[in-house]
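See structure below.
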Amino acid sequence: MSETNASAARAAAVQTAFPSGFSAIAEGYDVVLCDVWGVLHNGLTAYPGASDALTRFRRAGGTVILVSNAPRPGTKVMEQLDRLGVPRTAYDDVVTSGDMTRMQVEARLDEPVFHLGPERDLPIFEGLPVRFADGESAAYVVCSGLLDDRSETPEDYRGLFERLRARDLPMICANPDIVVEVGDTLVYCAGALATLYEEMGGAATYMGKPHEPVYREALARAARIRGAEDVPVSRVIAIGDAIRTDVAGARGIGASALFIAKGIHAEDLRLAGNGLDPAIAAPWFAEQAHQPDAAMEILVW
């Protein structure tokens, strides 16, 4: 059986394990593709146990590539991790949906672009001779998020999207996440806007997880770091807190998936300080389109 077929067969018959720590399964893998927001931090506070687990994995010879749907370049994510106290010993490199979006913008420098998103996401365009335009004269849209994600919802953009749709403007979504956890609050992301735009008949292209290009880039970097031509996906595990992006993305490339419960699905799994209960989690996983190979409340060694 080919590696692809073997991975497909495994995904179809997943029995989720509930290890007490990553060390229980780490020997089976050479490369970790780890989510950032929801695993390493919650936007306000870093999770030291997660950084420690990844650091220990690297010390044992593993390679860690952080794969984030942040609508900013990987270098900016690294700076944020520095500020939050996530040590650089926890990872080898960072690949973001912002990096992938920047590649798309570089290929379209002759076209004016309408940027929909907050100013903090402008580093996507930093150093590029980009021509910005409004929705009436742009050739395409780069959507990196809501202008004010603390008070707005996607419905606030319906009127704008009607005008963009009338011009058939294609949208590049720089962050496919629907929501993200900021402290104890869930806020909307660019993925929620792109989903609404598609529902209204617009065309949207998604640059990050769970779509394959960001994983190809991450695996290529892992291979270079390891001095190899490629990395067998059977030796790769993706870690994240979202079924729709992290687990689905792992399944899409044939890799294993470790689900972290204390993230955007914490309420679904009824954590509330009680820990991850397999009796609650297993039936919930069975109802999902993609099931993880393993699940933990938080990432620890």
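So for the sequence shown, the UniProt record's numbering puts the first residue at 1; every next one is plus one. Each residue gets a CB set at the ideal place from its N, CA and C atoms; glycine is no exception. From a predicted model like this one, the values you see are computed outputs, not experimental measurements.
Here the alpha carbons of R167 and G202 stand approximately 10 angstroms from one another. Per DSSP, the unbroken beta strand (DSSP E) holding I260 starts and ends at S256 to I260. When Cβ pairs closer than 8 angstroms are counted between the two stretches, the segment 200-214 is seen to touch the segment 61-70, the count reaching three or more. The segment 30-42 makes contact with the segment 177-187, as at least three CB pairs between them are under 8 angstroms. Between T153 and Y188, the beta carbon gap of about 6 angstroms places them in contact (Cβ cut-off 8 angstroms).
Assignment of M296 by DSSP, reduced to helix, strand and coil, places it in the strand class.
Only buried fits P292, as 16 or more other CB atoms lie within 10 angstroms of its CB. Contact annotation: the segment 130-140 does not touch the segment 242-262, with fewer than three C-beta pairs closer than 8 angstroms. DSSP, reduced to helix, strand and coil, places L193 within a helical segment of the structure shown. Between T101 and V130, the beta carbon gap of about 12 angstroms keeps them out of contact (Cβ cut-off 8 angstroms). Contact between the segment 72-84 and the segment 110-118 is not established, with fewer than three Cβ pairs separated by less than 8 angstroms.
The beta carbon of Y197 is closer than 6 angstroms to those of F161, M171 and A204 in its chain, skipping five residues each way along the sequence. For the 8 angstroms CB-CB criterion, I298 and G49 form a contact. Assigned with DSSP and collapsed to three states, D93 falls in strand.
Beyond the five residues adjoining it in sequence on each side, L164 comes within less than 7 angstroms, by CB distance, of G135, V141 and G202 in the same chain, given in chain order.
Note on geometry: alpha-carbon atoms of L116 and V94 lie some 24 angstroms from one another.
Here L186 carries a strand assignment [DSSP, helix/strand/coil]. If you ignore the 5 residues before and after P176, its C-beta comes within less than 6 angstroms of the C-beta of N69, G191, Y206 and G208, all in its own chain and listed in chain order.
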